[in-house]
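In order, the protein sequences belong to chains A and B. Start counting at 1 in the first sequence, then tack on 70, and there's your number in the numbering used here. Start counting at 1 in the second sequence, then tack on 70, and there's your number in the numbering used here.
Protein chains: 2
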Amino acid sequence: MKVIRKVELLAIGDELLNGQRANSHLLYFGEKLQEIGLGLQRCTELRDEPAEIVEGLKRAIDGSDLILVTGGLGPTTDDYTVGCVASALERPVRRNPEVEAAIRAFFKERGKEPTENNFKQCDIVDGAEVLPNPNGTAPGQWIELNDQVIVLLPGPPLEMKPMFEDQVLPRLVDKGWALSPVNSVQIRTMGIGESKVAEMLAPLLKGSGSKLRVAYCAHLGYVDVRLSPVEGGWDEARIRTMGEACRERLGEGFLGYGTPEVAAVILQHLRGLNKSLAVAESCTGGLLASRFTDVPGASKIFMGGVVCYRNQVKENLLGVPDCILEQHGAVSAECAVAMATAVAELLESDYALSITGYAGPEGGNEPAGTIYLGYHSPVGVWSRKVVLPGNRTAVRERAVMTALDFIRRKLEKYKIYDLLESLKC
Amino acid sequence: MKVIRKVELLAIGDELLNGQRANSHLLYFGEKLQEIGLGLQRCTELRDEPAEIVEGLKRAIDGSDLILVTGGLGPTTDDYTVGCVASALERPVRRNPEVEAAIRAFFKERGKEPTENNFKQCDIVDGAEVLPNPNGTAPGQWIELNDQVIVLLPGPPLEMKPMFEDQVLPRLVDKGWALSPVNSVQIRTMGIGESKVAEMLAPLLKGSGSKLRVAYCAHLGYVDVRLSPVEGGWDEARIRTMGEACRERLGEGFLGYGTPEVAAVILQHLRGLNKSLAVAESCTGGLLASRFTDVPGASKIFMGGVVCYRNQVKENLLGVPDCILEQHGAVSAECAVAMATAVAELLESDYALSITGYAGPEGGNEPAGTIYLGYHSPVGVWSRKVVLPGNRTAVRERAVMTALDFIRRKLEKYKIYDLLESLKC
Numbered sequence: 071m072k073v074i075r076k077v078e079l080l081a082i083g084d085e086l087l088n089g090q091r092a093n094s095h096l097l098y099f100g101e102k103l104q105e106i107g108l109g110l111q112r113c114t115e116l117r118d119e120p121a122e123i124v125e126g127l128k129r130a131i132d133g134s135d136l137i138l139v140t141g142g143l144g145p146t147t148d149d150y151t152v153g154c155v156a157s158a159l160e161r162p163v164r165r166n167p168e169v170e171a172a173i174r175a176f177f178k179e180r181g182k183e184p185t186e187n188n189f190k191q192c193d194i195v196d197g198a199e200v201l202p203n204p205n206g207t208a209p210g211q212w213i214e215l216n217d218q219v220i221v222l223l224p225g226p227p228l229e230m231k232p233m234f235e236d237q238v239l240p241r242l243v244d245k246g247w248a249l250s251p252v253n254s255v256q257i258r259t260m261g262i263g264e265s266k267v268a269e270m271l272a273p274l275l276k277g278s279g280s281k282l283r284v285a286y287c288a289h290l291g292y293v294d295v296r297l298s299p300v301e302g303g304w305d306e307a308r309i310r311t312m313g314e315a316c317r318e319r320l321g322e323g324f325l326g327y328g329t330p331e332v333a334a335v336i337l338q339h340l341r342g343l344n345k346s347l348a349v350a351e352s353c354t355g356g357l358l359a360s361r362f363t364d365v366p367g368a369s370k371i372f373m374g375g376v377v378c379y380r381n382q383v384k385e386n387l388l389g390v391p392d393c394i395l396e397q398h399g400a401v402s403a404e405c406a407v408a409m410a411t412a413v414a415e416l417l418e419s420d421y422a423l424s425i426t427g428y429a430g431p432e433g434g435n436e437p438a439g440t441i442y443l444g445y446h447s448p449v450g451v452w453s454r455k456v457v458l459p460g461n462r463t464a465v466r467e468r469a470v471m472t473a474l475d476f477i478r479r480k481l482e483k484y485k486i487y488d489l490l491e492s493l494k495c
Numbered sequence: 071m072k073v074i075r076k077v078e079l080l081a082i083g084d085e086l087l088n089g090q091r092a093n094s095h096l097l098y099f100g101e102k103l104q105e106i107g108l109g110l111q112r113c114t115e116l117r118d119e120p121a122e123i124v125e126g127l128k129r130a131i132d133g134s135d136l137i138l139v140t141g142g143l144g145p146t147t148d149d150y151t152v153g154c155v156a157s158a159l160e161r162p163v164r165r166n167p168e169v170e171a172a173i174r175a176f177f178k179e180r181g182k183e184p185t186e187n188n189f190k191q192c193d194i195v196d197g198a199e200v201l202p203n204p205n206g207t208a209p210g211q212w213i214e215l216n217d218q219v220i221v222l223l224p225g226p227p228l229e230m231k232p233m234f235e236d237q238v239l240p241r242l243v244d245k246g247w248a249l250s251p252v253n254s255v256q257i258r259t260m261g262i263g264e265s266k267v268a269e270m271l272a273p274l275l276k277g278s279g280s281k282l283r284v285a286y287c288a289h290l291g292y293v294d295v296r297l298s299p300v301e302g303g304w305d306e307a308r309i310r311t312m313g314e315a316c317r318e319r320l321g322e323g324f325l326g327y328g329t330p331e332v333a334a335v336i337l338q339h340l341r342g343l344n345k346s347l348a349v350a351e352s353c354t355g356g357l358l359a360s361r362f363t364d365v366p367g368a369s370k371i372f373m374g375g376v377v378c379y380r381n382q383v384k385e386n387l388l389g390v391p392d393c394i395l396e397q398h399g400a401v402s403a404e405c406a407v408a409m410a411t412a413v414a415e416l417l418e419s420d421y422a423l424s425i426t427g428y429a430g431p432e433g434g435n436e437p438a439g440t441i442y443l444g445y446h447s448p449v450g451v452w453s454r455k456v457v458l459p460g461n462r463t464a465v466r467e468r469a470v471m472t473a474l475d476f477i478r479r480k481l482e483k484y485k486i487y488d489l490l491e492s493l494k495c
């Protein structure tokens with residue numbers, strides 16, 4: 071029987087606790103460790119206080135098999151990690167000449183001089199294996215105890231991630247600690263609330279209590295449902311069958327297995343039709359376009375967009391008719407449709423999506439949060455009005471997600487007509 | 071002498087540890103608690119495992135004065151917080167009739183029916199004060215022990231934040247636990263690396279070791295320096311004087327006090343000149359425009375932008391001359407300048423900023439990460455080439471920050487000329 075190792079993350083830095091920076095490592099490790107069948111059991115964020123760091127380390131050493139420590143390896147005076155680990159393990163710290171040479175080389179390559187504080191990063195816990203850092207100056211450290219491992223990693227994600235993937239993961243596999251990936255099924259739904267999703271699936275999941283672990287997670291616009299195995303419960307095939315039943319039950323609310331981004335799903339759909347897309351947006355100011363350009367390879371489908379933040383731009387550049395702006399206003403169903411149609415013409419795209427509205431803090435003819443969506447396609451033109459809660463940022467984010475769900479559902483609903491239209495050319 | 075209370079955050083949910091969701095609460099509480107002079111000492115993320123939650127609670131009760139617990143108050147079967155708190159405190163749980171009525175009213179107002187699982191949220195730890203939730207169904211709970219407080223808050227930020235600000239903060243002030251804000255000075259720098267900033271400031275800060283707490287925090291594009299008081303150290307006036315000395319030392323690298331966003335600084339600058347701005351971007355696909363529209367009131371200055379993801383759009387809509395695209399290519403200094411000038415003309419703006427480049431994963435005539443920036447102003451037109459490391463997402467984010475720093479430094483350098491130009495009209 072395989073032993074599941076207990077894994078714990080200690081993230082060190084005042085900036086994590088005083089609101090200056092999010093602990094993005096937690097998200098990253100959570101995902102990466104799942105992939106190799108290791109679950110993160112606990113994460114603790116600690117301040118740059120040596121006594122608290124030593125206490126946190128001792129507690130982790132007391133209960134966990136693999137302890138990942140991030141941050142506090144930098145060159146500045148508030149970086150204590152190496153000294154604290156040495157103290158918790160009652161080992162000395164030694165200056166490592168290879169690391170010193172690597173730091174000199176790093177700066178030389180970039181035509182710069184290292185500062186004296188950079189050499190603090192040559193300090194290595196006695197007995198640790200150095201993990202070279204090709205993307206920065208702070209090396210990582212791999213410390214094996216009897217049947218435990220402590221790994222020290224630099225804080226900056228662009229240095230930490232390649233070090234973890236290229237150096238730490240292979241060592242974990244070598245040690246036999248990395249198990250096969252958890253055979254869970256993850257379903258992403260869109261446009262349905264969390265308790266509604268749970269209610270829809272309840273009749274299916276009833277009685278599976280001890281056989282299956284069910285977890286819900288609501289994101290902005292999405293609700294994810296994860297079905298995972300439990301010791302002595304259902305096997306992979308049975309979990310997949312249940313996943314298919316859930317998919318059917320969810321109908322149009324099912325976005326996909328895994329964690330697909332809706333923009334990628336839309337582009338995939340349009341790729342199948344060999345059609346192109348453009349966007350026009352005012353209050354969301356580029357966010358809608360950026361959601362599509364986030365998708366690698368988007369340029370085959372996505373033509374571009376117009377951010378018409380001022381009415382002047384809607385009129386002069388997009389060519390939204392003056393009479394629409396005067397009679398209905400810039401925040402109206404008529405204007406949303408005119409924007410979609412105009413941007414399709416201007417950018418020579420087949421499909422187009424538009425957003426206009428009041429993101430707040432102020433409204434206009436209608437209250438803040440009022441948003442109109444427009445959709446232009448070869449088989450028809452539609453608009454939709456929504457009133458979204460929250461502050462400026464929340465309204466903008468929600469408007470983008472609602473617009474993406476709007477076009478996704480239209481593409482789903484009219485797919486036969488879209489297909490027939492695409493065969494005409 | 072005032073007692074500084076120890077504050078700890080327990081964030082509960084599988085989704086925080088398996089990579090599904092970031093613990094955004096930590097960032098929020100870090101900032102909010104600073105404002106009232108309370109620092110967060112530690113944060114722990116725990117899975118939806120009752121035994122681990124109870125253990126975490128007991129440990130927190132053992133060492134902290136104020137314990138904030140988020141998550142696990144939802145209606146689904148994996149929500150355990152209330153039961154675990156009751157168990158850790160050895161108190162019973164009771165169904166609360168007022169909460170039940172509030173849940174019925176919440177659904178009625180929205181023309182919906184509550185599902186049976188919603189009523190799980192009526193369970194209250196014996197002796198707890200209910201914190202009503204006007205934005206959702208899960209109420210919060212305020213539990214006073216002898217000289218400690220445990221606060222249970224719902225996970226969704228749009229429910230948790232108003233509850234914390236409207237109900238928890240006033241109670242903390244009433245109890246005399248909320249101190250005056252920490253009188254720290256925060257400086258934001260831009261375009262200088264962290265160790266370079268530390269080196270520049272070292273001569274000033276030398277010898278202040280025991281009088282002042284200095285913390286550095288590198289964000290994408292920014293490095294923040296925070297000078298905070300220590301017990302028996304410098305007073306507020308002395309810290310501010312040191313802040314001014316640092317500002318002078320940092321020169322053009324100083325962005326502002328506090329945590330200003332560079333886009334807001336640029337718009338402020340242009341507002342002073344009474345001039346307008348437009349953007350044209352390809353590989354950043356709307357991110358640059360969205361950075362400006364993030365700023366409330368941006369529409370007075372920011373006209374809008376064009377996302378020209380396909381060359382066709384650069385040529386047909388923006389009117390970048392065919393000869394430039396053919397001779398130099400779409401990723402070139404010449405094209406960046408043409409894009410900036412063209413978008414200024416098209417959107418009738420005074421200033422314009424452009425980005426074109428290869429975000430990756432593939433490059434073109436030049437490797438992925440090669441970016442050209444263009445700047446059009448009444449006093450001159452400039453371009454700049456940068457080669458940025460990292461994957462597609464990192465290159466796009468860095469390209470936006472580099473472009474913003476580019477225009478910021480140009481506006482700073484040529485401000486006299488810009489001003490003279492603005493007086494002409």
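Built from N, CA and C at the ideal position, the CB exists for glycine as well. Keep in mind that this is a model prediction, so the values were computed, not measured.
Those residues of the stretch 283-301 of chain B placed with their C-beta closer than 8 Å to a C-beta in chain A are Val284, Ala285, Tyr286, Cys287, Ala288, His289, Asp294 and Arg296, ordered along the chain. Under the 10 Å beta carbon count, Asp196 (chain A) is surrounded by fewer than 16 other beta carbons and is classified as exposed.
Per DSSP, Gln111 (chain A) is one residue of the beta strand (DSSP E) stretching across Leu110 to Leu116. The stretch 344-363 of chain A and the stretch 424-443 of chain A touch, with three or more beta-carbon pairs separated by less than 8 Å. When 9 Å is used as the limit between beta carbons, Val376 (chain B) is near these residues of chain A: Gly374, Gly375, Val376, Val377 and Leu387, in chain order. Contact with chain B is absent for Ser134 (chain A), since none of that chain's Cβ atoms lies less than 7 Å from the residue's Cβ. Around the C-beta of Ile486 (chain B), fewer than 16 other C-beta atoms lie within 10 Å, and the residue is accordingly described as exposed.
Within the stretch 190-232 of chain B, no complete alpha helix (DSSP H) segment of 4 residues or longer occurs.
Residue pairing of Ala81 (chain B) in beta bridges, as defined by DSSP: B:Glu115 and B:Thr140. Rounded to the nearest angstrom, the gap between the Cα atoms of Glu404 (chain B) and Gly291 (chain B) is 25 Å.
A contact is defined here as three or more CB-CB pairs under 8 Å, and the stretch 315-335 of chain B meets this definition with respect to the stretch 358-367 of chain B.
Under the 7 Å criterion on CB atoms, Glu482 (chain A) is classed as non-interfacial with respect to chain B. With a threshold of 7 Å between beta carbons, Val465 (chain B) makes no contact with chain A. In the DSSP assignment, Cys393 (chain A) falls within the alpha helix (DSSP H) that extends over Asp392 to Gln397.
Secondary structure of Ser280 (chain B) (DSSP, three-state): coil. The C-beta of Asp84 (chain B) comes closer than 7 Å to at least one C-beta of chain A.
Secondary structure note for Cys353 (chain A): it is in no beta strand (DSSP E), with a DSSP letter that is neither H nor E.
Residue pairing by DSSP places His446 (chain A) opposite A:Ala422 and A:Val451 in a beta bridge. In the three-state reduction of the DSSP assignment, Val155 (chain A) falls in the helix class. Taking 7 Å as the CB threshold, Gly439 (chain A) stays off the interface with chain B. Contact between Leu80 (chain B) and Val139 (chain B) holds: CB atoms are separated by about 5 Å, below the 8 Å threshold. By the neighbour-count definition (other C-beta atoms within 10 Å, threshold 16), Thr463 (chain B) is an exposed residue. At a cut-off of 7 Å between C-beta atoms, Arg174 (chain B) does not count as an interface residue with respect to chain A. By the Cβ neighbour-count rule, Val300 (chain B) is exposed, with fewer than 16 other Cβ atoms within 10 Å of its own. In terms of CA proximity to Ser346 (chain B), B:His446 leads the group B:His446, B:Ser94 and B:Tyr484. Going by DSSP, Thr259 (chain B) is part of the beta strand (DSSP E) stretching over Val255 to Met260. DSSP places Thr329 (chain B) in the coil class of the three-state scheme, outside both helix and strand.
In the three-state scheme derived from DSSP, where H, G and I count as helix and E and B as strand, Val401 (chain B) is classed as coil.
Taking the CA atoms as reference points, Gln256 (chain B) sits about 18 Å from Leu110 (chain B). With a 10 Å radius around the Cβ and a threshold of 16 neighbouring Cβ atoms, Thr311 (chain A) comes out exposed. Counted as a single uninterrupted DSSP element, the stretch harbouring Tyr292 (chain B) is not any alpha helix (DSSP H) but the beta strand (DSSP E) occupying residues Tyr292 to Pro299. In the three-state reduction of the DSSP assignment, Val456 (chain A) falls in the strand class. Annotated three-state conformation of Ala175 (chain B) is helix, per DSSP. Residues of the stretch 217-239 of chain A that bring their beta carbon within less than 8 Å of a beta carbon in chain B comprise Pro226 and Leu228, in sequence order. Look at the beta carbons and you see the stretch 233-242 of chain A touching the stretch 202-222 of chain A: at least three pairs across the two are nearer than 8 Å. Residue pairing by DSSP places Leu347 (chain B) opposite B:Phe372 and B:Tyr421 in a beta bridge.
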